[in-house]
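2 protein chains.
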Amino acid sequence: MSKVRVHNFHISLDGYGAGETVTLDKPIGDAGGLFAPFDGRFIEGVDAVDAPITLDRALTTTWGQGIGAEIMGRGKFGPQEGEWPDDGWRGWWGEEPPFRTPVVVLTHYAREPLHFDNGTSFHFMDATPKEALARAQELADGKDVRIGGGPSTIRQFLAADLVDFMHLVTVPITLGTGVLLWEGLDGIQDRFTVESTASASGLTHQFWNRATND
Amino acid sequence: MSKVRVHNFHISLDGYGAGETVTLDKPIGDAGGLFAPFDGRFIEGVDAVDAPITLDRALTTTWGQGIGAEIMGRGKFGPQEGEWPDDGWRGWWGEEPPFRTPVVVLTHYAREPLHFDNGTSFHFMDATPKEALARAQELADGKDVRIGGGPSTIRQFLAADLVDFMHLVTVPITLGTGVLLWEGLDGIQDRFTVESTASASGLTHQFWNRATND
């Protein structure tokens, strides 16, 4: 079975998954503190860096395992709004986007796909979560699909009951403003089995797995 | 830096990492209970199986990340003792050993290397831990080396202070007999930073990272 997975999704104690406004200088709005503990370890994996393999690090490295495609919201791809300007923007990541798979970017504005040498490609789609997922599963060729965020995108897929697994990381900070993950998702816990663990760093990791009817 | 790593090493509450005698029917001696919680998830990763991605599962899947070679004791390769019989034995795993990298097998008895289509190869060596590691690092081509067990092999590498990282899993059972991991390793904790966490299944996971002198 091809799973739909969310990984390393960081939220504040008060439930915010990103700041209000994404700009070129602030890719996740004013919520930079959310990602302070998040030093790129999901990309490098447990190898190739001298840093210790902590519980946090071990858990975040499951991000790429068995993933064949990602779906992301437009804000994760770039700070632009409205029609795409002719500015040569190819995402935040330069010529080495960390995804190395096809990525479906949800946007109301059409744009030609982008391809990169490392296996990453961006496919722009005006679609419902269900339609986007069907396309991503096609691109994933039997592997799992990751819902890459931001919070509004994850919330939409949770609301549509399309998520099989979510690794949620609560960061011990408050933000007071921003994009809420849980808005409109009352009672969502009934659809999942939730396991929690805390790490020495102060982060809390949760594993949400779709509940089975057995 | 190429790290030397131990992963998913299961021990009982009373410190045993394997049973007394390895036979064809009992690959880890009488200590089968140790691996009852261990359903092959380290091989499959988090994908390609319908099972939920629990904390246990997420942690064990770091096993293969960035690994370029393994070192194992003879008992992990087969139940034979003394000179290698001419019996066509190619390890416990048939023609698809899960390693997919070169493996150094420590044995006092010479034998020609074995090669498999999936990238696994076995190289038989009569060597000290330090010599075996030098050879494994050569074979690993810059990637990390995993010390794959059994417990006597891991104990030797720990005693020689050659291990950078160890993921230890304590299974809530007692065995009363078998191969002890800790024998002769008094004070070993002084050389490591240790982080512990428990999972809902009853397992306790520890992350031993070599202490730095900073």
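If you read the sequences in order, they're chains A and B. Residue numbering for the first sequence follows numbering that gives the first Met the number 0, beginning at 0 and increasing consecutively. Residue numbering for the second sequence follows numbering that gives the first Met the number 0, beginning at 0 and increasing consecutively. For glycine and all other residues, C-beta sits at the position ideal for the given N, C-alpha and C.
Pair within 9 Å by beta-carbon distance, residue i and residue j
| i | j | result |
| --- | --- | --- |
| ARG190 of chain B | ASP160 of chain B | yes |
| PHE115 of chain B | ARG4 of chain B | no |
| ILE70 of chain B | LEU157 of chain B | no |
| GLY102 of chain B | THR127 of chain B | According to the sequence shown, residue 102 of chain B is Val rather than Gly. Result no, Cβ atoms of VAL102 of chain B and THR127 of chain B do not sit closer than 9 Å. |
| LEU174 of chain B | ASP13 of chain B | yes |
| GLY149 of chain A | LYS75 of chain A | yes |
| ILE52 of chain B | THR106 of chain A | no |
| ALA68 of chain A | ALA135 of chain A | yes |
Backbone CA spacing between residue i and residue j [nearest angstrom]
| i | j | result |
| --- | --- | --- |
| LEU54 of chain A | LEU167 of chain A | 14 Å |
| LEU184 of chain B | ARG154 of chain B | 8 Å |
| GLU130 of chain B | MET124 of chain B | 9 Å |
| TRP207 of chain A | GLY77 of chain A | 29 Å |
| GLY147 of chain A | ILE66 of chain A | 11 Å |
| PHE214 of chain A | PRO171 of chain A | Lying before the first or after the last residue shown, residue 214 of chain A is absent from chain A, which here runs from 0 to 213. |
| PHE98 of chain A | PRO97 of chain B | 26 Å |
| ASN202 of chain A | HIS204 of chain B | Here the sequence assigns Leu to residue 202 of chain A, which means Asn is not the residue at that position. So the two alpha carbons sit approximately 17 Å from each other. |
| ARG89 of chain B | THR100 of chain B | 15 Å |
| HIS6 of chain B | ASP49 of chain A | 17 Å |
| GLU137 of chain B | GLN79 of chain B | 28 Å |
| ALA139 of chain B | ALA57 of chain A | 21 Å |
| ILE187 of chain A | VAL178 of chain A | 18 Å |
| THR169 of chain B | GLU182 of chain B | 16 Å |
| THR176 of chain A | ARG73 of chain A | 20 Å |
| VAL162 of chain B | THR152 of chain A | 42 Å |
| GLU194 of chain B | SER198 of chain A | 8 Å |
| GLY141 of chain B | GLU82 of chain A | 46 Å |
| GLU222 of chain A | ASN117 of chain A | The structure shown does not extend to residue 222 of chain A, since chain A is modelled only from 0 through 213, so no value can be given for it. |
Extent of the continuous alpha helix (DSSP H) to which residue i belongs
| i | result |
| --- | --- |
| SER198 of chain B | Run containing SER198 of chain B: none; DSSP gives neither H nor E here. |
| PHE76 of chain B | 73-76 |
Helix, strand or coil at residue i [DSSP, three-state]
| i | result |
| --- | --- |
| PHE115 of chain A | coil |
| ARG4 of chain A | strand |
| THR59 of chain B | helix |
| ASP143 of chain A | strand |
| GLU182 of chain A | coil |
| GLY67 of chain A | strand |
| GLN155 of chain B | helix |
| ALA133 of chain A | helix |
Terminal residues of the beta strand (DSSP E) in which residue i lies
| i | result |
| --- | --- |
| PHE121 of chain A | 120-124 |
| PRO101 of chain B | 101-105 |
| ARG190 of chain A | From DSSP, ARG190 of chain A is part of no beta strand (DSSP E); its letter is neither H nor E. |
| ARG209 of chain A | 203-209 |
| GLY16 of chain A | 15-17 |
| PHE98 of chain A | Careful: PHE98 of chain A lies outside any beta strand (DSSP E) and carries neither H nor E. |
| LEU33 of chain A | No beta strand (DSSP E) holds LEU33 of chain A; DSSP gives it neither H nor E. |
| THR169 of chain A | 164-170 |
Closer than 9 Å to chain A by CB, residue i
| i | result |
| --- | --- |
| VAL61 of chain B | Note on residue identity: the sequence assigns Thr, not Val, to residue 61 of chain B. Interface residue, yes. |
| ASP49 of chain B | yes |
| PHE206 of chain B | yes |
| SER120 of chain B | no |
| GLN64 of chain B | yes |
| ARG209 of chain B | yes |
| ARG99 of chain B | no |
Closer than 9 Å to chain B by CB, residue i
| i | result |
| --- | --- |
| ASN194 of chain A | The residue asked about is misnamed: residue 194 of chain A is Glu in this sequence, not Asn. Closer than 9 Å to some Cβ of chain B, the Cβ of GLU194 of chain A qualifies, so yes. |
| SER151 of chain A | no |
| HIS166 of chain A | yes |
| ILE52 of chain A | yes |
| LEU58 of chain A | yes |
| MET71 of chain A | no |
| ALA199 of chain A | yes |
Interface residues of chain D facing residue i [CB-CB closer than 8 Å]
| i | result |
| --- | --- |
| SER11 of chain A | Checking the listed chains, one finds no chain D in this structure; the protein chains it contains are A and B. |
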